[in-house]
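Student: Okay, so the sequence shown: first residue is 1 according to full-length UniProt numbering, each after it adds one. Glycine included, C-beta positions come from ideal geometry on N, C-alpha and C. Being a predicted model, the structure only gives us computed values, none of them experimental.
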Amino acid sequence: MDSIRVFAPATVANVACGFDIFGFAVDNPGDQITLTASDEPGVRITDIIGDEGRLPREAGRNTASIAIQTYLKHINRLDVGLDVVLHKQMPLGSGLGSSAASAVAGVFAANELLGRPLPIMKLLPFAMEGERIACGSAHADNVGPSLLGGFVVVRSYQPLDVIRIDTPANLFCTLVHPDIEVNTKDARFILKNEVSLKNTIIQMGNVAGLIAGLMTPDYDLISRSLVDVIIEPVRAILIPEFNEAKQAALENGALGCSISGSGPSMFALSRDAQTAEQVGAAMQQAFLSVGITSEAYVSQINKQGPKVL
């Protein structure tokens with residue numbers, strides 16, 4: 001092949017109680033990338049579509065190209081030339097893992113184009129380098145599920161230990177993105193450096209309960225465990241009408257509802273597609289009641305990760 005087009009999915013990170021350690025992929029939205037082989041060595045971004053001119057075109061500053069460059073250096077293929085066209089299909093600064101999807105799409109596409117010299121799990125550190133450019137820290141809770149698919153647990157960073165777990169086949173996610181923006185760095189800045197022993201114990205119980213509920217599966221246990229007593233109370237103030245939208249989701253049958261990543265998007269989990277659609281409409285109405293428009297997406301948990309189009 002001399003050209004390839006790849007889709008990488010958006011993700012929900014934190015998943016209420018699992019700050020920086022939980023994440024899962026969704027079917028929609030996501031980003032697309034096209035890589036074309038070139039006789040001139042190096043990685044070049046030739047076009048970015050859908051970003052309204054906001055993303056850097058320099059290869060050393062863009063999440064997708066940084067991930068590819070780091071990958072090529074690792075496999076000692078700096079002779080390779082690649083032209084990159086990135087098609088952003090989700091809002092920036094949305095809490096949906098936009099930068100992660102671009103990084104994953106880039107490194108996955110490069111690995112496919114070169115004949116898969118590395119297994120997919122080995123691509124994770126390169127995608128994480130893309131995240132470092134985007135938010136200053138190489139987190140795996142978005143790139144992990146976007147690359148591997150499904151629900152992942154980031155057990156450790158030193159050494160890197162990412163585990164993919166099974167989830168119920170008929171578990172549906174509702175994503176609602178209000179048309180406001182929350183800066184990831186600001187959302188981290190307002191967090192407290194220390195938490196109480198009481199809240200730590202509660203959060204640990206919810207983390208364990210959510211994993212057990214997903215793997216059993218036990219929907220009531222999932223519902224009881226989708227509670228965040230540490231991060232959500234602090235970050236909720238950055239999202240107008242957060243409490244009302246969350247209450248609307250729960251009243252319409254959601255198992256639980258919280259902030260997706262650092263926000264402003266919110267996610268809810270439901271037992272079936274019909275409930276998930278109803279939850280999305282109710283959440284959108286809550287935002288609209290104060291004049292905030294929004295986009296809603298409903299899908300099952302994406303268990304495939306990136307795919308060649």
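With a threshold of 6 Å on Cβ separation, who are the neighbours of GLY261 within its own chain once the five nearest residues in sequence on each side are excluded?
Tutor: Locating residue 261 in the sequence shown gives position 261, counting from the first residue. ALA13, GLY95.
Student: Mapping DSSP to helix, strand and coil, what is GLY263?
Tutor: Residue mapping note: residue 263 aligns to position 263 of the sequence shown, counting from 1. It is coil, neither helix nor strand.
Student: Below 8 Å between beta carbons: does that hold for VAL234 and LEU191?
Tutor: On the sequence shown, residue 234 is found 234 positions in, with the first residue counted as 1. On the sequence shown, residue 191 is found 191 positions in, with the first residue counted as 1. In contact: VAL234 and LEU191 (Cβ atoms closer than 8 Å).
Student: Taking 6 Å as the limit between beta carbons, can you name the residues of its chain near ASP27, skipping five residues before and five after?
Tutor: To locate residue 27, count along the sequence shown from 1; it is residue 27. SER299, ASN302.
Student: Just reading off the beta strand (DSSP E) that residue 310 is part of, what are its end residues?
Tutor: Any answer about residue 310 is impossible in this case: the structure gives the chain only from 1 up to 309.
Student: Go ahead and label LEU148 buried or exposed: buried means 16 or more other beta carbons lie within 10 angstroms of its beta carbon, across all protein chains shown.
Tutor: As a first step, residue 148 must be located in the sequence shown, where it is residue number 148. Classification of LEU148: buried, given that the 10 Å Cβ count is 16 or more.
Student: Residue range of the beta strand (DSSP E) that HIS87 falls in?
Tutor: Within the sequence shown, residue 87 is the residue found at index 87, counting from 1. Start and end: 81–87.
Student: Ends of the alpha helix (DSSP H) at ILE4?
Tutor: Position 4 of the sequence shown, counted from the first residue, corresponds to residue 4. Looking at the DSSP string, ILE4 is not in any alpha helix (DSSP H); the run it does join, the beta strand (DSSP E), is 3–13.
Student: How should MET128 be labelled, buried or exposed, when 16 other C-beta atoms within 10 angstroms of its C-beta is the threshold for buried?
Tutor: Looking up residue 128 in the sequence shown gives position 128. Flag for MET128 reads buried.
Student: When DSSP labels each residue in this structure, what does GLN304 get in the three-state scheme?
Tutor: Reading the sequence shown from its first residue, position 304 is the one you call residue 304. GLN304: coil per DSSP, three-state reduction.
Student: Could you tell me the alpha carbon to alpha carbon distance between LYS122 and PRO91, rounded to whole angstroms?
Tutor: Taking the sequence shown and counting its residues from 1, the one referred to as residue 122 is at position 122. Taking the sequence shown and counting its residues from 1, the one referred to as residue 91 is at position 91. Between LYS122 and PRO91, the C-alpha separation is close to 28 Å.
Student: Excluding the 5 residues flanking PHE24 on each side, which residues of the same chain have their C-beta closer than 6 Å to its C-beta?
Tutor: Here residue 24 corresponds to residue number 24 of the sequence shown, with the count starting at 1. Answer for PHE24: VAL12, PRO145, PHE151, ILE301, listed in chain order.
Student: Check whether the region 172–183 and the region 262–269 touch, using three or more Cβ-Cβ pairs below 8 Å as the test.
Tutor: yes
Student: For ALA236, which residues from the same chain have a beta carbon less than 8 Å from its beta carbon, with the 5 sequence-adjacent residues on both sides left out?
Tutor: In the sequence shown, residue 236 corresponds to position 236, counting from 1. Correct list, in chain order: PHE242, ASN243, ILE259.
Student: Who are the near neighbours of PHE126 in its chain, counting only those whose CB is closer than 6 Å to its CB and skipping five residues on each side?
Tutor: If you number the sequence shown from 1, residue 126 lands on position 126. For PHE126, where only same-chain residues beyond five positions count, the Cβ hits under 6 Å are ALA67, THR70, TYR71, VAL107.
Student: I'd like to check one pair, ASP83 with SER38: are the Cβ atoms closer than 8 Å?
Tutor: As a working mapping, residue 38 is identified with position 38 in the sequence shown. As a working mapping, residue 83 is identified with position 83 in the sequence shown. Cβ distance < 8 Å, so SER38 and ASP83 count as in contact.
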